[in-house]
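Enquirer:
In the working numbering, the protein residues as written are 453 to 891.
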């Protein structure tokens, strides 16, 4: 493992929690208007609720995605039995401001990788129309290696996504949603299209959606497998029929996005959870996970575990507990663990000593110089040749570069060549430091 010292030298960061204790002193009120002096002390404020210290073990009644494994009917009849489209009209008529404020209170952060606060992002859309329509674009171009959570939603719970499009669209003052789905997701696209037709036939989408007086359309567009189209502005270019290459910012999509109109691009999971949050309340959602890392989350776990799976769990669950509770542990036991990629192939991997007690949320993984990303957990045991594994990922990024920017176009090629030389033992010692600087 000596050649990988520069790549795997992630320093373990201590997660410190500080609790500020406020001492309240009662104030005395003195009255001189009577012979008797009133000397009344105010009662001390109630103590704050105890800080939650254990995360994980999500109960079935708290799961948002109740058909994640396709056990039940994925279409309208089954979806309505599971609570989808229940009194959606009541949520819509409460209005844009109410929806956005509730999402802000919930603490939901984008589930596509960046983790930007969703309610805040939705609020960037223009409050007053200048004559241009506003659009919601759902990024279903799930191309990050190791990631497959959105696939399960579209295949087994498509109505949850469609209802979420309506709710999010109202919150953004959008007139239509475009779902940009990965080209290889053929079965998922067929299920989603069937569900869309059901929703239109039932009056849940289209003119006067759900009887709310709000007109809202949903369109499905499928790409051709380009990884770069997962970047929001490249996705918009592709949706417009152009070559999928990122745009320069500004202008940002909220000002000039799809067809030059105000647009918000957001992830499948982010949109799909919004109706449940509004029905059950933002306080319910924010009760899961640590502060600023609220809610439940879909984790897709692959690699050297006994039972690879996609599972919904509480945010901030310890990585070790996630693997042992839902995957039967690491193949060959925990001591056989070498490293874990915690959030899809684009985030730095974690060596075993950090995996012992790291929490699976945005802030905890950032503190150890990695990231939650798409929550695609890739487990590597001691049989893994890490140099070979990273060389393979390097080739993927070299192959998928759109070639527009020099650091990516040239850098990914050089990175791959260095890793290939490392595989056969022909690399130079100084190239290790070069790789570390690149990361």
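Backbone N, C-alpha and C fix where the C-beta goes; we use that ideal spot for every residue, glycine too.
For residue 834, which residues from the same chain have a beta carbon less than 8 Å from its beta carbon, with the 5 sequence-adjacent residues on both sides left out?
Expert: Cβ neighbours of residue 834 beyond the five flanking positions: 784, 788, 789, 790.
Enquirer: Could you give the distance in angstroms between the alpha-carbon of residue 728 and the alpha-carbon of residue 520?
Expert: Rounded to the nearest angstrom, the two C-alpha atoms are 15 Å apart.
Enquirer: Measuring only the C-alpha atoms, how far is residue 619 from residue 889?
Expert: Approximately 44 Å, taken between the alpha carbons.
Enquirer: Who are the Cβ neighbours of residue 767 in its own chain at under 8 Å, not counting the five residues just before and after it?
Expert: Contacts found: 507, 740, 741, 742, 745, 746, 747, 748, 749, 812, 813.
Enquirer: How about the region 664-683 and the region 845-859: do they share at least three Cβ pairs that are nearer than 8 Å?
Expert: Cβ pair count under 8 Å is three or more, so yes.
Enquirer: So, do the region 571-586 and the region 622-631 have three or more beta carbon pairs nearer to each other than 8 Å?
Expert: Contact between the region 571-586 and the region 622-631 is present, because at least three Cβ pairs lie under 8 Å.
Enquirer: Assign residue 711 to buried or exposed, taking buried as 16 or more other Cβ atoms, counted over all protein chains shown, within 10 Å of its Cβ.
Expert: Exposed, by the Cβ-count rule.
Enquirer: Just checking residue 791 against the ligand SAH - is the residue's beta carbon closer than 7 Å to any of the ligand's heavy atoms?
Expert: Among the components modelled here there is no ligand, and therefore nothing to report on the ligand SAH.
Enquirer: Taking the beta strand (DSSP E) that residue 716 belongs to, which residues open and close that run?
Expert: First-last of the beta strand (DSSP E) with residue 716: 715-719.
Enquirer: Counting along the chain, where does the alpha helix (DSSP H) carrying residue 737 start and finish?
Expert: Looking at the DSSP string, the run of the alpha helix (DSSP H) that includes residue 737 is 734-738.
Enquirer: What does residue 762 pair with, by DSSP beta-bridge criteria?
Expert: Answer by DSSP bridge pairing, in chain order: 752.
Enquirer: Looking only at its own chain, which residues have a Cβ that is under 8 Å from the Cβ of residue 584, when we skip the five neighbours before and after it?
Expert: Only 712, 713, 714 meet the Cβ criterion.
Enquirer: Could you tell me if residue 719 is buried or exposed, where buried requires 16 or more neighbouring beta carbons within 10 angstroms of its beta carbon?
Expert: Buried, because 16 or more other Cβ atoms sit within 10 Å of the Cβ of residue 719.
Enquirer: Between residue 635 and residue 644, what straight-line distance do the alpha-carbon atoms span, to the nearest angstrom?
Expert: Computed Cα separation, rounded: 13 Å.
Enquirer: Report back the beta-carbon spacing between residue 826 and residue 565 to the nearest angstrom; my notes put them in contact at under 8 Å.
Expert: Right, their Cβ atoms sit about 5 Å apart.
Enquirer: Should residue 793 be labelled buried (16 or more other beta-carbon atoms within 10 Å of its own) or exposed?
Expert: Under this definition residue 793 is a buried residue.
Enquirer: Within 10 Å of its beta-carbon, does residue 479 have 16 or more other beta-carbons around it, so buried, or fewer, so exposed?
Expert: Bear in mind that the predicted position of residue 479 carries a pLDDT of just 36, short of 50, making it too unreliable to give a figure here.
Enquirer: Taking DSSP as the reference, what is the three-state secondary structure of residue 810?
Expert: Residue 810 falls in the coil class under three-state DSSP.
Enquirer: Helix, strand or coil: which one does DSSP assign to residue 648?
Expert: In the structure shown, residue 648 sits in a helix (DSSP, three-state: H, G or I).
Enquirer: Look at the alpha carbon of residue 700 and the alpha carbon of residue 504, and state the distance between them as a whole number of angstroms.
Expert: Going by the C-alpha atoms only, they are around 43 Å apart.
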